[in-house]
Each structure stands twice: as C-alpha cells, then as structure tokens.
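Below is one structure, written out as structure tokens; comments come after it.
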Ligand SMILES: NC(=O)c1ccc[n+]([C@@H]2O[C@H](COP(=O)([O-])OP(=O)(O)OC[C@H]3O[C@@H](n4cnc5c(N)ncnc54)[C@H](OP(=O)(O)O)[C@@H]3O)[C@@H](O)[C@H]2O)c1
C-alpha cells in the first residue's frame, strides 16, 4: 500500500538509498537534510524527491518542518530516522561541544522527529518508525563515546516506544549497520581499509547503502506488522548479538 514516508538525512549516503528504495516501493517520499544545499538539489534532480532543510537537533524546527511535509504530501506514515553525525575524539580530548552535538543530533534528534508524528500515527492506528543506529552503539568504539552512547540510546528508545505503539498499530525498529560503502568510507586510506577494516568483516567487503535500504523497505511494509522493538544487525558478521 502506498504511504507517506519521511527520511531524515535522506539526500546523501545511506539515507538517499533509503529514500529511493521507498519511492520504488510506490510511497510518497520526503527527504530532509541539514545544510548541504548542493547535494540536496542534485538528489532532487536525480530522483524527483522533494527535500526539506532543517536540523533534527532542534525540536521546533522538526515540528514546523513535519507540518510542511504533511501539508505537501499528507500525514507521515513511515518515519526513517537516518540523519546522523560523528565528532570523534578519544575521551581525554573530547570537548563538551563534541559530546553535545552528537547527542543532540543522533539521540535527541530521534525524539524530536518521533514526538510530532506520534499522535497522528496513534489516531490513525498505523505507523512505521525505523531508526538507523550503528554497530558502534552495540559494541562501543574507541574515540566514539559520544556516538556509541547516542546510538545505544536509540536502541533503548526504540524498544520502549515499540511497547507503547504496539496496540496502536505502530511498529518501532532499529537497524545497526556495520561499515557501509558511503562517501565517508572513500576517505579512508587503501592500506587501512585492506589491513585493518576488511579483515574484521567475515563476508570480506563493505556493505552497500542499498542493502540497508532493503532492510528499511521490509520494516516499513505491511508484511512486517509482527516485527517491533527489534534490531536488524547488518554488518557482514563483524559483530554478532
Ligand atoms: N556510513 C556508515 O558506515 C554507517 C555505519 C553505521 C551507521 N551509520 C549511520 O547511518 C546514518 C547515515 O550515515 P551516512 O554515512 O549515510 O551519513 P552521511 O553520508 O554523512 O549523510 C548524513 C545525512 O544526514 C544529514 N544530517 C546531518 N546532520 C543533520 C541535522 N542536524 N539535521 C538534519 N539532517 C542532518 C546530512 O545532511 P547534509 O547533507 O545537509 O549534511 C545528510 O543528508 C547515520 O545515522 C550514521 O550514524 C552509518
């Protein structure tokens, strides 16, 4: 069934793949971004998907932005919380700003997006909320205390909201990607990729954004109504939980 889907950070990387996959499923899709107008314009030119600019770290901007999307496309049925940032530093060097920016975007951003759509989903007795967490929220990671804390927080949030949404036809799930072949990865030196990263991944390669998108389209579908509060671990076997 065609529905309205909103993907945060949907103009680049994993989010762009998710937005395109949801469009291919026949949904009406909106993609948000934080500041890169050029990438957003290129994404719309390529896909025809309308983009909206606001920071997920700001509650009021989320509420206003979602109202705009709903005026354009209709009530949001599927929310994909994908927007995320890193501000890596070992703990003895991390600044309060690095801590706060990551918590505000990767954890509070998920609250800020879910809260304005929750009432509508409850009243319509249908909703799909899918949050892109991370393998590092499951296992921790050197120099990522901020990122791992936020991404682990997303998992606790997901399981709690799943319990509250279950009777209202709202499923709430998370996906924990491992290393995915995005722009971010192309900056890693070949030697580090071959000698350090790939040996950690039993399947012997990076994941593709389209592989995460396929997890999302399943969780967003009517077929996934019995799947809630779960975490799909998509990491090539790097970390098994
Ligand atoms: N890549 C990986 O290997 C990997 C692994 C595990 C988990 N993840 C998670 O997967 C998600 C997507 O990662 P990615 O690598 O595809 O990221 P990316 O290529 O850096 O894209 C991030 C997207 O989020 C948007 N964004 C960032 N901060 C925002 C804010 N405050 N408000 C609104 N939008 C904001 C960006 O907008 P602009 O274009 O305007 O900057 C962009 O559209 C993230 O949550 C990340 O933590 C990624």
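Numbering (our numbering), first residue to last: 2 to 242. All C-beta atoms in this analysis are idealised placements derived from N, C-alpha and C, irrespective of residue type, glycine included.
Using three-state DSSP, classify residue i as helix, strand or coil.
| i | result |
| --- | --- |
| residue 173 | strand |
| residue 198 | helix |
| residue 91 | coil |
| residue 82 | strand |
| residue 189 | coil |
| residue 217 | helix |
| residue 130 | strand |
| residue 117 | helix |
| residue 210 | helix |
For the alpha helix (DSSP H) holding residue i, just list the boundary residues, first then last.
| i | result |
| --- | --- |
| residue 74 | 60-74 |
| residue 23 | 14-25 |
| residue 156 | 146-166 |
| residue 40 | 38-48 |
| residue 103 | 97-103 |
Identify the continuous beta strand (DSSP E) that holds residue i and give its terminal residues.
| i | result |
| --- | --- |
| residue 233 | 232-235 |
Using beta-carbon positions only, say whether residue i and residue j come within less than 8 Å of one another.
| i | j | result |
| --- | --- | --- |
| residue 58 | residue 128 | no |
| residue 183 | residue 153 | no |
| residue 99 | residue 179 | no |
| residue 2 | residue 224 | no |
| residue 146 | residue 92 | yes |
| residue 20 | residue 50 | yes |
| residue 40 | residue 12 | yes |
For the pair the segment 77-96 and the segment 132-144, tell me if three or more CB-CB distances fall below 8 Å. yes
Is there contact here, the segment 105-119 with the segment 60-68, by at least three beta-carbon pairs under 8 Å? yes
Measuring CB atoms only, is the segment 164-174 touching the segment 192-210, in the sense that at least three cross pairs come out at less than 8 Å? no
Counting pairs of beta carbons, one from the segment 161-170 and one from the segment 191-200, are three or more of them closer than 8 Å? no
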